[in-house]
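>
Numbering (the working numbering), first residue to last: 765 to 986.
Following this line, the structure appears as structure tokens:
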């Protein structure tokens, strides 16, 4: 529990990879396992009559595991609620950034945290421009897109050159992705971001994505 609280606080100030987060949240489970193994070894060495107590320890172990999985305040339960989703790219529309068959992950903790006492995940960081995100459209379908506009901005694009609030900005998408296409002047809502799906680097469709519809940041696993 203490590790989960510390990790939650630290995440506001330090950018931790999902693997570091998962490792820290797994430490209580490792502690449980090693503690029970040591106790069982001690019982076996001291007295054969005490072997019956081994069953008690197995029961406590099972209770400890159930606690970690089912009790909302347990670190492992926190990890499960905020674990990344893994999926395979089915089309090459995000090429050359992602190719068909690549394995990607969506990191929920990149922008928000799901706590048991809140009905919705708490947003603690906004996506940055040119982040690749997964989001839900108005029909609940999950899509992958690139962030072009942030809350309250006016966005337009001409021949791949992005302008924010009437000022051209550097074209700095991730990897070797080269953005192309045109976008008419679009005002982004105060509680939304502007995301675009791509077709081989060309802007395909635009979406005003409300902040609570952002699933997480998309990154390549392998």
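All residues carry an ideal CB built from backbone N, CA and C; glycine is no exception.
1. In three-state terms, what does DSSP make of residue 844?
2. Would the region 919-939 and the region 873-890 be scored as touching if the rule is three or more Cβ pairs under 8 angstroms?
3. Three or more C-beta pairs under 8 angstroms: does that hold for the region 938-958 against the region 900-912?
4. Whose CA, out of 843, 848, 866 and 872, lies closest to the CA of residue 975?
5. I'd like the list of long-range same chain contacts for residue 965, defined as Cβ closer than 7 angstroms, with 5 residues on each side in sequence excluded.
6. So, helix, strand or coil for residue 959, using DSSP?
7. Here's a check: name, in chain order, each residue in its chain whose Cβ is nearer than 8 angstroms to the Cβ of residue 963, leaving out the five neighbours to either side.
8. Are the beta-carbon atoms belonging to residue 980 and residue 897 less than 8 angstroms from one another?
9. Cα separation between residue 985 and residue 978?
10. So if DSSP puts residue 900 in a beta bridge, which residue, or which two residues, is it bridged to?
11. Check residue 869 in the structure and name its three-state DSSP category.
12. To which residues does DSSP link residue 876 through a beta bridge?
13. Within a Cβ cutoff of 6 angstroms, which residues of the same chain sit near residue 969, ignoring the five residues on either side of it in sequence?
14. Return helix, strand or coil for residue 912, following the three-state DSSP convention.
15. Based on DSSP bridge pairs, tell me the residues matched to residue 925.
Per the coordinate set shown:
1. Against the chain shown, residue 844 aligns to sequence position 80. When secondary structure is reduced to three states using DSSP, residue 844 falls in the helix class.
2. no
3. yes
4. As a first step, residue 975 is located in the chain shown; it is residue number 211 there, counting from the start. Considering only alpha carbons, the answer is 872.
5. Along the chain shown, one-based indexing puts residue 965 at 201. Once the five neighbours on either side are set aside, the close Cβ partners of residue 965 are 941, 942, 943 and 944.
6. For the purposes of this step, residue 959 is taken as the residue at position 195 of the chain shown. Three-state result, residue 959: strand.
7. On the chain shown, position 199 is the one that residue 963 refers to. The answer, listed in chain order, is 857.
8. Working through the chain shown from its first residue, we reach residue 980 at position 216. Working through the chain shown from its first residue, we reach residue 897 at position 133. Taking 8 angstroms as the Cβ cut-off, residue 980 and residue 897 qualify as a contacting pair.
9. Looking up residue 985 in the chain shown gives position 221. Looking up residue 978 in the chain shown gives position 214. If I take the Cα positions, the gap works out to 20 angstroms.
10. Sequence index remark: in the chain shown, residue 900 carries index 136 (1-based). Looking at the DSSP output, residue 900 bridges to 906.
11. Here residue 869 corresponds to residue number 105 of the chain shown, with the count starting at 1. Here residue 869 sits in strand by DSSP.
12. Taking the chain shown and counting its residues from 1, one reaches residue 876 at position 112. DSSP lists 887 as partners of residue 876.
13. Indexing the chain shown from 1 puts residue 969 at position 205. Cβ neighbours of residue 969 beyond the five flanking positions: 961.
14. On the chain shown, residue 912 is found 148 positions in, with the first residue counted as 1. DSSP places residue 912 in strand when its eight states are reduced to three.
15. For the purposes of this step, residue 925 is taken as the residue at position 161 of the chain shown. Beta-bridge annotation (DSSP): residue 925 is paired with 922.
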